[in-house]
Amino acid sequence: MSALRHRTKHDIADEGGIDLRTLESYEVRGGQRSFAFTLVGIGAATASAHVGNNFTTYLVGGLIETFGFSKFAMGAWNMAETLSYAAAMFLVAPRARTMDARLLALIASILVIAAQAGSAMTGNYVLLLLGRIGTGLGFGLMNSAVNLAAGRTDQPARWISLGISFQTVLYALVAIGLPKLGELHGVGGMFMALSGLALLLGALAMLLPGGSSQADDHAALPANQPIGREGRLILVAMGLFSFGSLAIWPFIEQTAKAIGIPATQFGIYQSLAVLASAVGNAVLAAVIARLSRSWPLVAALGACGACCVLLTTVTSEVAFAAAFVAFMVTWFLTYPLLLRLAYALDDSGRLAVLTTGTWLLSTSFGSLAAGTIAQLFGGYTLIGPLGGAICISAIVAAWPVAHRLDRNERAR
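Throughout the sequence shown, residue numbering follows this note's numbering, covering 46 to 457 in sequence.
See the structure below:
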């Protein structure tokens, strides 16, 4: 199948007298697979990999209220998870072409299940910190599995978007249920629920395409080849985007509470936000192959940065809810649009794994910076405007790469 990818699907269909729709059923390498199996596998793995990013905020709030940990301590706690997440992805990246996505997903699930369940049984900060390191490593391995599996398809960014749509529909339910479990069973109940969710999603992630791409000859970057100037620009763009947009995230539920929104109501808003994100990504998946790489990314980054500003400066519940929904939608559109650039330069998945690892590394320092600012200034107001400006500055790094790729495509 790798040899076929040197030509377009239209060329192959014309030469072989094959119906294009039939040919597209072979888009995932490693044998004929149904669309549904691939969607469930990538969707479940994507959902499992991003549970921490989406729902750690409830754990932060629960731990602060139950054990009295400081904002700075919780920023460091969240940072331990995201640093471990990044470390796992950077460990996988040089070996991307030799690794089996399904095996990575299995190891990841075991780590997350054990770490979440163990965290439910303790109030000791050091043990909880070790638990975050364990979940971070697991999430990093699972996200690596997603990047590798998507990279072994004909349209990686399309499958990333479809996976996010699957993920966000599921998260709409989790966002409503998790804070209610917190009310009934405390922070320990939330940890156990997340452990059970990791078990379910891990089982479904076994539908990921297995095997490695070691034998494929299409990969743009051998394991020991530098990523180049454009690769570095993509990493910088992802770093700025994630540092700016996600700095407030571990504390977003506490930000809502500061203007009178309880955790359960915030959960309803998050559910609406992720459902809207599912629609946005489903639309993106349908049209992404026809979109330019530059202007959609600029628009998404600009809108996401503007929403960051609003999240910590508005004072009414309606305005916060609108900003939160818009933030989630634009964030989940920006992420696959940035990864699209990485796959365009290197379709082996190595640069995509490095890019996602950079996202987590920057998020780690962003959450620590946010916790420090909140501790020093007694609130979260400054974090939104600072984060928004940093997020928007990612356009400067991403534009040259996106514009060059668009120009080359028009020249063909």
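Note that beta-carbon positions come from the ideal geometry of N, C-alpha and C, so glycine has one too.
The structure presented is a predicted model; accordingly, all values stated were derived computationally and were not measured.
_V73, buried or exposed, once every other Cβ within 10 Å from all chains shown has been counted against 16_ = With a pLDDT of 44 at V73, under the threshold of 50, the modelled position of that residue is not reliable, and the figure given next carries that caveat. V73 counts as buried, since at least 16 other C-beta atoms from the protein chains shown sit within 10 angstroms of its C-beta.
*Shortest alpha-carbon distance to N326 belongs to which of S409, P381 and L342?*
The option with the nearest alpha carbon to N326 is P381.
_Delimiting residues of the alpha helix (DSSP H) encompassing F296_ = Element bounds for F296: n/a, residue is neither H nor E.
*Under the three-state reduction of DSSP, which class applies to T67: helix, strand or coil?*
Unreliable positioning characterises T67 in this predicted model, as indicated by a pLDDT of 40, which lies under 50. The coordinate reading is nonetheless provided below. Helix, per DSSP.
_Just to confirm my understanding: we take L232, look at its own chain, exclude 5 residues before and 5 after, and list those with CB closer than 7 Å. What are they?_
Per the sequence presented here, residue 232 reads as Val, with Leu not at that position. Contacts found: L104, G107, L108 and T111.
*Are at least three pairs of beta-carbons, each pair with one atom in the stretch 409 to 428 and one in the stretch 379 to 395, less than 8 Å apart?*
At 8 Å Cβ cutoff, the stretches do not touch.
*Residues in its own chain within less than 6 Å of S164 by CB, not counting five upstream and five downstream?*
When the five nearest sequence neighbours on each side are left out, the beta carbons in the same chain lying within less than 6 Å of the beta carbon of S164 are those of L173, G176 and F236, in order along the chain.
*Assuming L207 contacts G86 under a Cβ cut-off of 8 Å, what Cβ separation, rounded to an integer in Å, is found between them?*
For a cut-off of 8 Å, the C-beta gap from L207 to G86 is around 11 Å, too long to register as a contact.
*Measure the C-alpha to C-alpha separation of R66 and A323 and round it to an integer number of angstroms.*
Its pLDDT being 41, under 50, R66 is placed unreliably by the model, and nothing is read from it.
*asked:* I need the straight-line Cα distance from T83 to F211, nearest angstrom please.
replied: About 11 Å.
*Inter-residue Cα distance where the pair is S115 and N123*: Looking at the two C-alpha atoms, the distance is approximately 12 Å.
*Straight-line gap, I313 to K302 (C-alpha atoms, nearest Å)*: Those two C-alpha atoms are separated by around 14 Å.
*Span of the alpha helix (DSSP H) holding T403?*
Counted as a single uninterrupted DSSP element, the alpha helix (DSSP H) harbouring T403 occupies residues R395 to F422.
*What do you reckon, are the CB atoms on G179 and Y130 nearer than 7 Å?*
Result no, Cβ atoms of G179 and Y130 do not sit closer than 7 Å.
*When you compare each of A308, S287 and W294 to L384 by their alpha carbons, which one comes out closest?*
Nearest option by C-alpha distance: S287.
_So that I know if they touch, is there some Cβ in chain D lying closer than 7 Å to that of L450?_
No chain D appears in this structure, which consists of one protein chain only.
*Would you check if the stretch 348 to 356 and the stretch 365 to 375 touch, i.e. whether three or more CB-CB distances between them fall below 8 Å?*
Yes: at least three Cβ pairs fall under 8 Å.
*asked:* For G429 and I297, what's the separation of their Cα atoms in angstroms?
replied: If you take the alpha carbons of G429 and I297, they lie about 10 Å apart.
*Take L253 as the anchor and find which of L229, A220, L280 and A190 has the nearest alpha-carbon.*
If you compare the alpha carbons of L229, A220, L280 and A190 with that of L253, the shortest gap goes to A190.
*Given L223, which residues of its chain have a CB within under 8 Å of its CB, disregarding the five upstream and five downstream residues?*
The answer, listed in chain order, is F100, Y103, M235, A238, L239 and G312.
*Span of the alpha helix (DSSP H) holding M166?*
For M166, there is no enclosing alpha helix (DSSP H), since its DSSP letter is neither H nor E.
*Would you report the Cα separation of A118 and L431, rounded to the nearest angstrom?*
Roughly 21 Å between the two C-alpha positions.
*Looking at the structure shown, is G97 part of a helix, part of a strand, or coil, going by DSSP?*
Here G97 sits in helix by DSSP.
*Run through DSSP, which three-state label would M144 get?*
M144: coil per DSSP, three-state reduction.
*Could you have a look at S316 and say whether DSSP puts it in helix, strand or coil?*
Assignment of S316 by DSSP, reduced to helix, strand and coil, places it in the helix class.
*Collapsed DSSP secondary structure at S129 in the structure displayed*: In the structure shown, S129 sits in a helix (DSSP, three-state: H, G or I).
*Kindly indicate which three-state DSSP category T198 falls into: helix, strand or coil?*
Here DSSP, grouped into helix, strand and coil, assigns T198 to coil.
*asked:* In whole angstroms, give me the CA-to-CA distance for E171 and L128.
replied: Checking the sequence, you will find Val at residue 171 rather than Glu. Pairing V171 with L128, the inter-Cα distance amounts to about 16 Å.
*Can the beta-carbon of F195 be found less than 7 Å from the beta-carbon of L342?*
Note that residue 195 is Ala in the sequence shown here, rather than Phe. No, Cβ-Cβ distance for A195 and L342 is not below 7 Å.
*asked:* Could you compute how far the alpha carbon of V398 sits from the alpha carbon of T300?
replied: So the alpha carbons of these two residues sit roughly 31 Å apart.
*Can you give me the start and stop residues for the alpha helix (DSSP H) that L6 sits inside?*
Because the chain here runs from 46 to 457, residue 6 falls outside it and cannot be looked at.
*Can you tell me whether DSSP reads F114 as helix, strand or coil?*
In the displayed model, F114 falls within coil according to three-state DSSP, outside both helix and strand.
_With the cut-off set at 7 Å, would you say R203 and A330 are in Cβ contact?_
Judged by beta-carbon spacing, A330 lies within the 7 Å limit of R203, meaning their Cβ atoms are closer than that value.
_Q259 (DSSP reduced to helix, strand or coil)_ = Low local confidence applies: a pLDDT of 49 at Q259 is under 50, so the model's placement there is unreliable, with the coordinate-based value given in what follows. In the structure shown, Q259 adopts coil according to DSSP, grouped into three states.
*asked:* Between the alpha carbons of I152 and L186, how many angstroms are there, rounded?
replied: In this structure, the alpha-carbon of I152 lies about 8 Å from that of L186.
*Through-space distance from G289 to A439, alpha-carbon basis*: Within the model, the alpha-carbon separation for A439 versus G289 is close to 9 Å.
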